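Residue numbers (the working numbering): 1 to 713.
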């Protein structure tokens, strides 16, 4: 965040921060600007020459995807508030209108920086490595001939030019579609008109057209632009200008009035396609008359326009990231099967016996998702002793085996219940497909609770054994999604602990039936328990004064009441170490307020996604209390979602959690520190500690020790 957003600030080494009233809203950082700061960290990695070149391309695509979602949801929400005349203030004391102005200022700098990195360093570096992006003027005659033939054969048939005149109203511009605005003139009358040509989406034609066998590419919009005379015969082409529209896609369901939540979500998804425009991206140099027409027809203002010098929509770079050039990628990583779940010959393991013997902690992507989580559900589906399977599904993928296993279990006569969260943003349509597939197989499908999103990552298996009925469970921090499990860092706990499984049984009964959520013996859930729990834990550490210690790793920290509890613990002398990947509303290191709090963010090869809570000093006689689960410290997670945290108590597993936290705090390769002025500063590698590389080495070490132990003497 820029210092001038919040007033004049003294250096972090100074005795005070001028311009901040720490007794009022100045003690909080703005949520929206904090997201922009996260986008800036992604751009740091896009520019980082120590990162493999095609991984820099990946970070550019991640940045662009995140910006799209930010405008579709967060900026759209602010605009809705302004339109409704709301003047309620954010926790940092800003009205929606003020936040929109600050967001625009920050986003303009982000767009400018992305342009400079893409054009100034990334494209030349790619060219030097043999991955070339060219313009039409740089093509050889042979290449132009190839593209003209390709245009006639594959591109021209799918294009539909749409004129704008008294007989043709301005066409609807779909969300995130790339378009060419074309000025055409009748060669006889000279009358000039505007027309729109929609660029086919990447699901139909690749955005970057490859020229021959070598990785040499040209953007498809350039190919179309050079052949506009085929779309507008006997018309003079006066100019062509790419543009892209972002629309409000936030889903607002009147759940209490819906008789059928699935049908209501489907209706809302259709309505979303026609959401109000919130952003217009154009290429720098677009004529004022074209801009004025677009703004008028889209009902936007100049403050909604973002001019770029790089190609519009850098999400296209995912295509480049897929190029098979191992020398330009990170070294491949193959997840290890956790030692407790592996055998010498890698033959199938009785997972239930392993879990019954002792709890198992898995850490993805270092530990294999396939040989742990998927194997657990697969084994449950096929085991004749299993009576029931219950599972929450927030975001899953088509290539995961989870849904297929649940279908198979139901077809074999087991009692299967799946809570499919239809309101998982941007995954609604996929979840509808999964829900119908499960229902058709006889699975008891529940769509979620009115007014709440079910975000917990939980599975429960009930099995008849020789000594009676026993339950087994999995509680995780990440989704049951094999795709994200390869790139998201997450934790999962397998247990047959009767108390833990009893709590999960009650949680599933709450999710699928009627009744209030009860207090649990072992787990912590939201929305009814988590706020009081986190405040109580922080208060307990505050009571310990200088002996108090809190170490927490989450994706977001924005809840004002929780932040104030951190401040109080800091004032009392407790040491607080926070690892917050994304949004952070807490201002650390402010004398008299938060001088005992540090905040860092780690962004690198794997997306940090796990949530770890540790209260107390691990080396003290009393020890520490440790939890993992799905909940971040944001208002939505605490008050408007069903979340689940589980205690981790076995010494082997608590040591591993402590090891993970220690590495998070030691990383000086892909970590940023948040200063009291609200700015993030990247750590310069001193000892060269890389969290992700270290965790890979530890996983390999565990696998080697297991193989050595299994080897014949």
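We put the CB at the ideal spot given by N, CA and C, even for glycine.
Predicted model, so just to flag it, every value in this text is computed and none were measured.
Check                                                                                                                                 : Outcome
Rounded separation between residue 613 and residue 337 - CA only                                                                      : 25 Å
Coarse secondary structure for residue 394, derived from DSSP in three states                                                         : coil
Enclosing beta strand (DSSP E) for residue 361 [first to last residue]                                                                : 360 to 364
Straight-line gap, residue 539 to residue 565 (C-alpha atoms, nearest Å)                                                              : 7 Å
Distance between beta carbons of residue 607 and residue 689, contact taken as under 8 Å                                              : Not really, about 19 Å apart at Cβ, beyond 8 Å.
For residue 611: DSSP bridge partner residues                                                                                         : 629
For residue 389, the three-state DSSP class (helix, strand or coil)                                                                   : strand
Separation of residue 601 from residue 679, as counted between CA atoms                                                               : 12 Å
Close beta carbons around residue 207, own chain, < 7 Å, minus the five adjacent residues each side                                   : 219, 220, 316 and 319
Member of 323, 525 and 593 whose CA lies at the smallest distance from the CA of residue 217                                          : 323
Whole-angstrom distance between residue 342 and residue 354, CA atom to CA atom                                                       : 10 Å
Contact the segment 446 to 459 vs the segment 471 to 482: 3+ CB pairs below 8 Å                                                       : yes
Opposing strand residues paired with residue 671 [DSSP bridges]                                                                       : 602
Residues that DSSP places opposite residue 493 in a beta bridge                                                                       : 361 and 475
Top-ranked residue by Cα proximity to residue 153, from 205, 169 and 179                                                              : 205
C-beta atoms of residue 313 and residue 277 nearer than 9 Å                                                                           : no
Same chain, Cβ closer than 7 Å to residue 664, five either side skipped, listed in chain order                                        : 553, 579, 602 and 691
Reference residue 527; option with closest CA among 173, 641 and 330                                                                  : 641
Burial state of residue 102, where buried means 16 or more other Cβ atoms lie within 10 Å                                             : buried
Paired residues, beta bridge with residue 82 - DSSP                                                                                   : Answer is none; residue 82 lacks a bridge partner.
Best match in 643, 173, 357 and 562 for proximity to residue 627 [C-alpha to C-alpha]                                                 : 643
Minimum length 3: unbroken beta strand (DSSP E) runs contained in the segment 189 to 243                                              : 192 to 198, 208 to 210 and 216 to 219
Sequence-distant residues of its chain with Cβ nearer than 8 Å to residue 306 (five each side left out)                               : 107, 108, 111, 279, 280, 281 and 282
Contacts around residue 46, its chain only, beta-carbon distance under 6 Å, and the 5 residues preceding and following it disregarded : 56, 59, 60 and 117
Contact under 9 Å by Cβ, residue 492 with residue 372                                                                                 : yes
Paired residues, beta bridge with residue 643 - DSSP                                                                                  : 526
Contact check, residue 181 vs residue 233, beta carbons under 9 Å                                                                     : no
Rounded separation between residue 140 and residue 157 - CA only                                                                      : 25 Å
Burial state of residue 610 (16 or more Cβ within 10 Å)                                                                               : buried
Cβ-Cβ distance between residue 422 and residue 405 below 9 Å                                                                          : no
Whole-angstrom C-beta distance between residue 409 and residue 390, which should lie under 8 Å                                        : At roughly 11 Å, the Cβ-Cβ gap does not stay under 8 Å, so residue 390 and residue 409 are not in contact.
Beta-carbon proximity list for residue 700, same chain, < 8 Å, skipping 5 on both sides                                               : 336
C-beta atoms of residue 596 and residue 573 nearer than 9 Å                                                                           : yes
Residue from 121, 658 and 638 with nearest C-alpha to residue 532                                                                     : 638
Limits of the alpha helix (DSSP H) - the one that residue 40 falls within                                                             : 31 to 47
In DSSP terms, what residue 460 is bridged to                                                                                         : 390 and 473
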